[in-house]
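Report on the following structure.
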Amino acid sequence: MERNSSSSSTSEDSGNSTAFQRWLKKAAVLTGIGITPEERQRGYEDQQHVRCEKWKTELMSYSPSVVFMLKHLRLSGCTVPHGNIICAPCDLTRSGGFHPAGGIVLCQNHLSSKRQMEDTLTHELVHMHDHCKFNVDWHNLRHHACSEIRANSLSGDCRYMRELGRGHVSFTKQHQTCVRRRAILSVRANPSCPDEATAARAVNEVWESCFNDTRPFDEVRLSVVARTCSHGG
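If you count the sequence shown from 1, you need to add 19 to reach the numbering used here.
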């Protein structure tokens, strides 16, 4: 009995020591005391990565909009493995990105909440759905504009509170205004786009058909309802 008690005590002490070491590491990252700036930056990145991976796993399992999109991608023959959605630091202000080869990047250093990640992941999954179903040519500005209109409209990116946080407030057609503005910004960043006027023209040319195309959702409202019912972060 004494040996068991001693073993239990040793195990508990080891656990407490490990927890304390983790606490010290977090404290050092927060304060910068006892570590170099490079070590502090790596510590931040490690914490951001762990948080991003945790949120990603939870969203892929429980988010109504993310689970819905993953299901429809699978039904379309474009299953998205867990490893094809990666968390990584980004040097731009964007929160995520899609690659036509079948991958999604979640920018761990620009995602401040699980709700924001849910919007971002749903947005990128809409792009993936369009690429899978409609063979999008991303160098074609009209193709790109259509997918951006759909992704911004269906993902929750243009919810009222998101727009309020960006400093954009509109009391009439707020959703449409946001979708159009963000689609133009994205198309303007396309290397094939020479200027903002060309981006705006591409968005305007496909606006009516693409804004009203809510596939695979039944309608825009259902995607927004799914978003508001999901877990907060």
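A virtual CB, placed ideally from N, CA and C, is assigned to each residue, including glycine.
As the structure is a prediction and not an experimental result, all values here were calculated from the model.
Exercise for the section: Decide if Arg-93 is buried, meaning its Cβ has at least 16 other Cβ atoms within 10 Å, or exposed. Expected result: Looking at its Cβ environment, which holds fewer than 16 other Cβ atoms inside 10 Å, Arg-93 is exposed.
Problem - Exposed unless 16 or more other CB atoms sit within 10 angstroms - verdict on Lys-90 - result: Exposed is the call here.
Practice task
Compute the Euclidean distance between the alpha carbons of Ala-221 and Asp-110, then round it to the nearest angstrom.
Solution key: Here the C-alpha atom of Ala-221 lies approximately 27 Å from the C-alpha atom of Asp-110.
Handout entry: Alpha carbon of Asp-149 to alpha carbon of Asp-156, nearest angstrom
Key = Approximately 10 Å, taken between the alpha carbons.
Handout entry: C-alpha distance - Cys-165 paired with Arg-181, whole-angstrom precision
Key = Rounded to whole angstroms, Cys-165 to Arg-181 spans 22 Å at the Cα level.
Problem - Helix, strand or coil at Ala-218 according to DSSP, with G and I counted as helix - result: Annotated three-state conformation of Ala-218 is helix, per DSSP.
Exercise for the section: Within the segment 97 to 182, note down every full alpha helix (DSSP H) run reaching 4 residues or more, in order along the chain. Expected result: Here the runs fully enclosed are 133 to 153 and 160 to 173.
Practice task
With a 10 Å radius around its C-beta and 16 neighbouring C-beta atoms as the bar for buried, classify Ser-12 as buried or exposed.
Solution key: Because the chain spans 20 through 252 in this model, residue 12 falls outside it and cannot be assessed.
Exercise for the section: Return yes when the Cβ of Pro-108 is within less than 7 Å of the Cβ of Glu-64, no when it is not. Expected result: For the 7 Å CB-CB criterion, Glu-64 and Pro-108 form a contact.
Exercise for the section: Can you tell me which of the three DSSP states Asp-237 falls into? Expected result: Note: Asp-237 maps to coil in three-state DSSP.
Problem - Neighbourhood of Ser-95 by C-beta, 8 Å cutoff - its chain only, sequence neighbours within 5 removed - result: The beta carbon of Ser-95 lies closer than 8 Å to those of His-148, Cys-151 and Lys-152 in the same chain, with the five residues before and after it left out.
Exercise for the section: Just tell me which of Gln-67, Glu-215, Val-69 and Asp-232 has its CA closest to the CA of Leu-160. Expected result: Comparing Cα positions, the closest option is Glu-215.
Problem - Neighbourhood of Gly-116 by C-beta, 6 Å cutoff - its chain only, sequence neighbours within 5 removed - result: Val-124, listed in sequence order.
Exercise for the section: Please check the pair Glu-167 and Val-206, which I expect to be a contact at CB under 8 Å, by giving their CB distance rounded to whole angstroms. Expected result: With a beta-carbon spacing of about 6 Å, Glu-167 and Val-206 fall inside the 8 Å limit used to define contacts.
Problem - Rounded Cβ spacing between His-146 and Cys-106 (contact assumed at less than 8 Å) - result: In fact, because the Cβ distance is near 18 Å, the residues do not count as touching under 8 Å.
Problem - Beta carbon of Phe-236 nearer than 7 Å to that of Leu-173 - result: At the C-beta level, Phe-236 and Leu-173 come within 7 Å of one another.
Exercise for the section: Using 10 angstroms around the beta-carbon of His-158, count the other beta-carbons present and answer buried if the total reaches 16, otherwise exposed. Expected result: That one is exposed.
Problem - Glu-57 burial status per 10 Å Cβ neighbour count (16 or more: buried) - result: With fewer than 16 other Cβ atoms from the protein chains shown falling within 10 Å of its own Cβ, Glu-57 counts as exposed.
Practice task
Taking the CB atoms as reference points, tell me whether Cys-197 and Cys-177 lie closer together than 7 Å.
Solution key: Yes, these two residues count as a Cβ contact at 7 Å.
Exercise for the section: Just mark Glu-227 as buried or exposed, buried being the case when its beta carbon has 16 or more other beta carbons within 10 Å. Expected result: Burial is judged here by how many other beta carbons sit within 10 angstroms of a residue's own beta carbon; Glu-227 has fewer than 16 and is exposed.
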